[in-house]
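Each remark here refers to the structure printed beneath this line.
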Amino acid sequence: MKNPFKLYPIRTVFFFAVVSLIVLLLTLFVLVSYKVSVAEMQKNTSFYQQNLLGKINEQISMQKQSVEQVTIAMSRNEDLQDYLQSENDPYESLRAISEINTSFFNTMFSIPIIDTVDVYVEDPPVRYQEGPIRYFPFDHYESIEWMQPLKNADSAWLEQHVISSPQGDISVVSFARKVYKRNGTAAGIIVVNTKTDRFLRLMDGEVDSRHRLLVDAKHNIITYNGSGDALASLKVFDQLSEEDKINTNVNGSARQDETLVVWSKLVNSEWILIEVTPWEDIISGSVKLAQLLLLISGITIVVTVFLTYYLSRQFTRPIEDLLRSMNDFSLNEHEPKLPAGYRNEFGALFRGYFNLNTRIKGLYTNLEEEYQEKKKAELAALQANINPHFLYNTLDQLNWMAIEEGQEKISRVLELMGRMFRIGLSKGETFITLKEELTHLESYLQIQQIRLEGGLHYQIFIPEKYVHYYIPKLTLQPFIENAVIHGFRGQEKAVIAIKIHDAGNSLCIVIQDNGIGFSKETAVEKRTADGGYGIKNVEDRLLAYFGSSSSITIDSKPGAGTTVFIKIPKKSRK
996 MKNPFKLYPI RTVFFFAVVS LIVLLLTLFV LVSYKVSVAE MQKNTSFYQQ
1046 NLLGKINEQI SMQKQSVEQV TIAMSRNEDL QDYLQSENDP YESLRAISEI
1096 NTSFFNTMFS IPIIDTVDVY VEDPPVRYQE GPIRYFPFDH YESIEWMQPL
1146 KNADSAWLEQ HVISSPQGDI SVVSFARKVY KRNGTAAGII VVNTKTDRFL
1196 RLMDGEVDSR HRLLVDAKHN IITYNGSGDA LASLKVFDQL SEEDKINTNV
1246 NGSARQDETL VVWSKLVNSE WILIEVTPWE DIISGSVKLA QLLLLISGIT
1296 IVVTVFLTYY LSRQFTRPIE DLLRSMNDFS LNEHEPKLPA GYRNEFGALF
1346 RGYFNLNTRI KGLYTNLEEE YQEKKKAELA ALQANINPHF LYNTLDQLNW
1396 MAIEEGQEKI SRVLELMGRM FRIGLSKGET FITLKEELTH LESYLQIQQI
1446 RLEGGLHYQI FIPEKYVHYY IPKLTLQPFI ENAVIHGFRG QEKAVIAIKI
1496 HDAGNSLCIV IQDNGIGFSK ETAVEKRTAD GGYGIKNVED RLLAYFGSSS
1546 SITIDSKPGA GTTVFIKIPK KSRK
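Have a look at this one:
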């Protein structure tokens, strides 16, 4: 993947990087806030509902126990037992029923939750099938659906059902208990009916979409409140139980599908009080919080976009100004057009560019001056080349004249000088082979031999493998010329030896003579009187061509001759 910092403008990268970072952080903030808020809402709702169900639990348990205790007292009523045990005449039966009703009335009035009492006996009085205390045949209960839980039990709470009353049909929750004779035979049933709204008052305080259910051990609904389908809410609780996700023997809460289920088991009872709340009610506050955070985040992002755009322009405008100034650079422009007032890194960058601009113009001026000087030098060199060619042609003509006059020595000198001029010209080349340099040097030595009439002897020991290397032309001749002119004064026999040996990546040329030598304090002439190249000139040229890789060392003592060591890097090509 390519680095965007190398592909796109800095302003674009900076803008999108900052905006993306802010969007990412705000998104994470909203999501985390929403998750934490939902978790806290679930926790707080469960805690609140658990406490509320606990209080309702206590009240229902008290009322439930009161009803159960009343049925025990009723089942043990002496008048009822006598009525069930004996076969009285109609008058006695009516009197017994009257006593039973009086006792039951007193009990009902002492417990307001009781609405009516149904008594099932084998021979019920016909006249008492209406009113708060009613009598029905004992064997009828088996055909009543809502009394089926009593078939295999001595007592049971019956699910919510509808009964007839003087006020019309009413919804009740009933507790039924079998009444046994003294011999242990079931002879009757007492059913205490409590209006459903009495339990609903205890379970009051619901939200419209919330359900509170009171179920028995088998999860049969005893009563419920709230709008909607109570069976659907009970189904959610049943799913939790079947999947073993909850323990209904202890109070607790759990999330199932899109609901929160909180339950509380009644004290000393198998009844369970359940509250089922839609999940959307739980998270409604969190959703509002998330919406508010999203609104704030949106406003923050818009502000960030404008602020980032403004900052990116402020940061990149100086760079753009610098680039524009660089693109508009002209040598004819006096000063670059750059913004002023920057005292930070941009200011340092502008000052650096200004100094660089000034330096470039100065260098250009120097180069222009050098170019003009070079043009003058080239013209001078062309003019100078005319003179050697003229001299070379003139020497050739003089040579033929000397031959015609029989002047062999003069002819030989002229021939050697012509050879020297030809090598000196070298078609304008700066470097020549060592072989050509030695030919030039030997021509000079032969001229000096003719001049000194045998007083000069020379030896050249150059292996053939070195003659193809290139060296600057006229490197050796100034040292030989200096020895001939200054080194052999007063000597009858002068000897010069030239040797060469390998020095790794360099050649070491040794020039040795048996002249008078000189002390270290004696200055060596830099240029000969006849205008030839001096030793100083050679040193300067070697330093210019090779730098510190080349060197010239002169070892001389008065009366012991002079030895010159010239070190030149090997150069196989021009």
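Residue numbers (the numbering used here): 996 to 1569. From the three backbone atoms N, C-alpha and C, an ideal C-beta is built for every residue, glycine too.
- Query: Under a Cβ-count criterion, where at least 16 other Cβ atoms within 10 Å of its own Cβ denotes burial, should residue 1103 be classed as buried or exposed?
  - Reply: What you label residue 1103 is simply residue 108 of the sequence shown in a count that begins at 1. Of the other Cβ atoms in all chains shown, 16 or more fall within 10 Å of the Cβ of residue 1103; this residue is therefore buried.
- Message: Extract the residue ranges of the beta strand (DSSP E) inside the region 1409 to 1484, only unbroken runs of 3 or more that lie entirely within it.
- Response: Counting only runs of 3+ residues, the beta strand (DSSP E) found wholly inside the region 1409 to 1484 occupies 1426 to 1428, 1451 to 1456, 1465 to 1467, in chain order.
- Task: Keeping to the same chain, check which residues put their C-beta closer than 7 Å to that of residue 1021; ignore five residues upstream and five downstream.
- Result: Locating residue 1021 in the sequence shown gives position 26, where the first residue counts as 1. The answer, listed in chain order, is 1292, 1295, 1296.
- Task: Taking the CB atoms as reference points, tell me whether residue 1206 and residue 1282 lie closer together than 8 Å.
- Result: Your numbering for residue 1206 matches position 211 in the sequence shown. Your numbering for residue 1282 matches position 287 in the sequence shown. No. Outside cutoff.
- Query: Distance, Cα to Cα, residue 1006 vs residue 1017?
  - Reply: Residue numbering aside, residue 1006 sits at position 11 when the sequence shown is read from its first letter. Residue numbering aside, residue 1017 sits at position 22 when the sequence shown is read from its first letter. Whole-angstrom Cα-Cα distance: 17 Å.
- Query: To the nearest whole angstrom, what separates the beta carbons of residue 977 and residue 1183, a pair I think is in contact under 8 Å?
  - Reply: Look at the range of the chain in this structure, 996 to 1569, and you will see that residue 977 is not part of it.
- Return the first residue and the last residue of the alpha helix (DSSP H) that residue 1247 is part of. Counting from one through the sequence shown, the residue named residue 1247 turns up at place 252. Residue 1247 -> not in any alpha helix (DSSP H); beta strand (DSSP E) instead, spanning 1247 to 1251.
- Query: Looking at residue 1081 and residue 1174, is the spacing between their C-beta atoms short of 8 Å?
  - Reply: The count along the sequence shown starts at 1 and reaches residue 1174 at position 179. The count along the sequence shown starts at 1 and reaches residue 1081 at position 86. Not in contact: residue 1174 and residue 1081 (Cβ atoms no closer than 8 Å).
- Task: Under 6 Å Cβ to Cβ from residue 1405, same chain only, skipping five residues before and after it: list those, please.
- Result: Within the sequence shown, the letter at position 410 stands for residue 1405. Hits under 6 Å: 1397.
- Query: With 16 other CB atoms within 10 Å as the buried threshold, where does residue 1495 fall?
  - Reply: As a first step, residue 1495 is located in the sequence shown; it is residue number 500 there, counting from the start. With a 10 Å radius around the Cβ and a threshold of 16 neighbouring Cβ atoms, residue 1495 comes out buried.
- Message: Any heavy atom of the ligand MN inside 7 Å of the beta-carbon of residue 1051?
- Response: For the ligand MN, the structure offers nothing, since it holds no ligand at all.
- Have a look at the DSSP bridge pairing and note the partners of residue 1228. Along the sequence shown, one-based indexing puts residue 1228 at 233. Paired residue(s): none; residue 1228 is not in a bridge.
- Count the other C-beta atoms from every protein chain shown that fall within 10 angstroms of the C-beta of residue 971, then say buried if there are 16 or more, exposed otherwise. The shown model of the chain, from 996 to 1569, leaves out residue 971, and the question about it has no answer.
- Message: Under DSSP, the alpha helix (DSSP H) around residue 1299 begins and ends at which residues?
- Response: Within the sequence shown, residue 1299 is the residue found at index 304, counting from 1. Looking at the DSSP string, the run of the alpha helix (DSSP H) that includes residue 1299 is 1274 to 1322.
- Item | For residue 1391, the residue or residues it bridges with in DSSP | Position 396 of the sequence shown, counting from 1, holds the residue named residue 1391. DSSP output for residue 1391 lists no bridge partner at all.
- From residue 1126 to residue 1106, what distance separates their C-alpha atoms? Here residue 1126 is taken as the residue at index 131 of the sequence shown, counted from 1. Here residue 1106 is taken as the residue at index 111 of the sequence shown, counted from 1. Straight-line spacing of the CA atoms in residue 1126 and residue 1106 works out to 17 Å.
- Message: Three Cβ pairs or more, each shorter than 8 Å: is that satisfied between the region 1341 to 1348 and the region 1042 to 1053?
- Response: Under the 8 Å Cβ criterion, the region 1341 to 1348 does not count as touching the region 1042 to 1053, having fewer than three qualifying pairs.
- Task: Identify, in the order they occur along the chain, each residue of the same chain with its Cβ nearer than 7 Å to the Cβ of residue 1500, setting aside the five sequence neighbours on each side.
- Result: Numbered from 1 along the sequence shown, position 505 holds the residue referred to as residue 1500. These residues qualify, in order along the chain: 1564, 1565.
- Message: By alpha-carbon positions, which one of 1098, 1148, 1152, 1166 ends up nearest to residue 1110?
- Response: Within the sequence shown, the letter at position 115 stands for residue 1110. Ranking 1098, 1148, 1152, 1166 by Cα distance to residue 1110 puts 1166 first.
- Coil, strand or helix - residue 1188 by DSSP: On the sequence shown, residue 1188 is found 193 positions in, with the first residue counted as 1. Three-state DSSP puts residue 1188 in a strand.
- Message: Buried or exposed for residue 1172, going by 16 or more other Cβ atoms inside 10 Å?
- Response: As a first step, residue 1172 must be located in the sequence shown, where it is residue number 177. Residue 1172 is buried by the Cβ-count criterion.
- For residue 1148, does the three-state DSSP call read helix, strand or coil? By 1-based counting over the sequence shown, the position of residue 1148 is 153. DSSP places residue 1148 in the coil class of the three-state scheme, outside both helix and strand.
- Task: Mark residue 1468 as exposed unless 16 or more other C-beta atoms lie within 10 angstroms of its C-beta, in which case mark it buried.
- Result: Numbered from 1 along the sequence shown, position 473 holds the residue referred to as residue 1468. Burial call: buried.
- Extent of the continuous alpha helix (DSSP H) run through residue 1541: Along the sequence shown, one-based indexing puts residue 1541 at 546. Counted as a single uninterrupted DSSP element, the alpha helix (DSSP H) harbouring residue 1541 occupies residues 1530 to 1541.
- Item | Which of helix, strand or coil DSSP assigns to residue 1032 | Position 37 of the sequence shown, counting from 1, holds the residue named residue 1032. Residue 1032: helix per DSSP, three-state reduction.
- Message: residue 1287 and residue 1040 - do their beta-carbons sit closer together than 8 Å?
- Response: Numbered from its first residue, the sequence shown carries residue 1040 at position 45. Numbered from its first residue, the sequence shown carries residue 1287 at position 292. No; because the gap between Cβ atoms is not below 8 Å, this pair is not in contact.
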